[in-house]
Amino acid sequence: MKILRIQFLAILVLISFSCRPKTTDTKKAIAQKSSVAPSKQLLSFEDLQKYETAYFASGCFWCVEAIFESVKGVKEVYSGYSGGKEKNPSYEEVAYGRTGHAEAVEVFYDPAVISFTQLVQVFFGSHDPTALNRQGPDRGTQYRSVAFYKNEEEQKVIQDYIALLESKKVYNRPIVTQVAPFETFYKAEEYHQDYERKNPNNSYIRNVSIPRLNRFKENFQSFLKGESH
Numbered sequence: 001m002k003i004l005r006i007q008f009l010a011i012l013v014l015i016s017f018s019c020r021p022k023t024t025d026t027k028k029a030i031a032q033k034s035s036v037a038p039s040k041q042l043l044s045f046e047d048l049q050k051y052e053t054a055y056f057a058s059g060c061f062w063c064v065e066a067i068f069e070s071v072k073g074v075k076e077v078y079s080g081y082s083g084g085k086e087k088n089p090s091y092e093e094v095a096y097g098r099t100g101h102a103e104a105v106e107v108f109y110d111p112a113v114i115s116f117t118q119l120v121q122v123f124f125g126s127h128d129p130t131a132l133n134r135q136g137p138d139r140g141t142q143y144r145s146v147a148f149y150k151n152e153e154e155q156k157v158i159q160d161y162i163a164l165l166e167s168k169k170v171y172n173r174p175i176v177t178q179v180a181p182f183e184t185f186y187k188a189e190e191y192h193q194d195y196e197r198k199n200p201n202n203s204y205i206r207n208v209s210i211p212r213l214n215r216f217k218e219n220f221q222s223f224l225k226g227e228s229h
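1 is the number of the first residue of the sequence shown in my numbering; add one for each residue after it.
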């Protein structure tokens with residue numbers, strides 16, 4: 001699979017974001033203060049089976065979910081946990097680093113509209129892949145950078161893209177993103193799903209998540225869904 005057009009300037013701009021530390025109590029409390037969210041077309045389980053899936057971890061899944069939701073060809077994104085050994089982990093277990101899982105997203109996408117290579121571009125262009133076990137002030141392996149692959153072709157796409165970024169010296173530090181085989185994705189608790197969309201007035205969302213999303217949109221305009229989506 002050939003590497004598509006690279007947007008290096010966009011990547012350089014986007015590595016400066018941070019995510020505010022969160023406790024489970026804080027997340028649960030502010031989840032109860034959700035604003036009325038715009039309507040969203042819901043797809044059934046059967047509908048989603050028509051599409052391909054991709055899995056990524058790059059810090060707070062509230063932010064990551066919103067970014068991938070804005071991308072054309074992406075039909076649904078779920079927040080959850082992946083990369084650990086604990087079965088059916090809870091947010092509390094993951095947040096305290098007890099399971100080995102990272103906060104991750106499951107992306108359902110139409111490969112006729114957007115390719116896996118382009119999703120890898122979105123992944124690297126919307127976080128700092130040189131930060132080991134953290135994004136911004138969030139610390140711990142649960143916030144590590146991981147690009148999961150389901151087959152050898154996807155593994156090669158990710159590894160080739162990393163090699164390209166390194167050859168072009170896009171970053172001043174080594175890329176520490178894990179390239180890991182996908183095993184299992186556990187969907188997070190319901191109050192985490194579409195969190196940014198449902199809570200636009202929350203201070204964390206206003207000050208961290210939305211600015212991160214807007215930086216992505218500004219620099220990856222050709223990747224975005226149209227106004228009708």
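Glycine residues also receive a C-beta, built at the ideal position from the N, C-alpha and C atoms. Since this is a predicted model, take the numbers as computed values, not measurements.
Rounded to whole angstroms, what's the CA-CA distance from F56 to F148? Just pull it up for me.
6 Å
Would the stretch 188-198 count as touching the stretch 70-82 if we require 3 or more Cβ pairs under 8 Å?
yes
In chain order, what residues of the same chain lie with their CB nearer than 8 Å to the CB of L224, ignoring the 5 residues before and after it?
S70, V71, K72 and K217
Looking only at its own chain, which residues have a Cβ that is under 7 Å from the Cβ of F158, when we skip the five neighbours before and after it?
Just to set this straight, residue 158 is Ile in the shown sequence, not Phe. Closer than 7 Å at Cβ, skipping near neighbours: V120, A147, Y149 and V179.
Please state whether DSSP places K123 in a helix, a strand or coil.
The residue you asked about is not Lys; residue 123 is Phe in the sequence shown. Of the three classes helix, strand and coil, the one that applies to F123 here is helix, per DSSP.
What residue range is occupied by the uninterrupted alpha helix (DSSP H) comprising Q159?
E152 to S167
Between the stretch 114-130 and the stretch 165-178, can you find at least three pairs of beta-carbon atoms closer than 8 Å?
yes
Would you kindly report the start and end of the unbroken alpha helix (DSSP H) that includes V94?
Y91 to A95
Hey, is the stretch 158-167 in contact with the stretch 97-106, meaning 3+ C-beta pairs nearer than 8 Å?
no
How is the alpha helix (DSSP H) around P200 delimited, first residue to last?
Judged by DSSP secondary structure, P200 falls outside any alpha helix (DSSP H); it is assigned neither H nor E.
In terms of alpha-carbon separation, which member of F123, W62 and P89 lies closest to Y204?
W62
Expressed to the nearest angstrom, what Euclidean distance is found between the alpha-carbon atoms of T184 and S82?
6 Å
Expressed to the nearest angstrom, what Euclidean distance is found between the alpha-carbon atoms of V64 and V176?
18 Å
Would you say E153 touches the ligand SAM, meaning its beta carbon is less than 6 Å from a heavy atom?
With respect to small molecules bound, the structure shown includes none, and the ligand SAM cannot be examined in it.
Per DSSP, what are the beta-bridge partners of T53 in this structure?
According to DSSP, T53 bridges with F108.
Buried or exposed: which applies to T26, given that a residue is buried once 16 or more other Cβ atoms fall within 10 Å of its Cβ?
Note on T26: pLDDT 46, under 50, position unreliable in the model; the coordinate value appears next. By the neighbour-count rule (16 or more Cβ atoms within 10 Å), T26 is not buried but exposed.
Excluding five sequence neighbours on each side, which residues of the same chain lie with their C-beta closer than 7 Å to the C-beta of L43?
In the same chain as L43, and ignoring 5 residues on each side of it, the C-beta atoms closer than 7 Å to its own belong to K75 and E76, in chain order.
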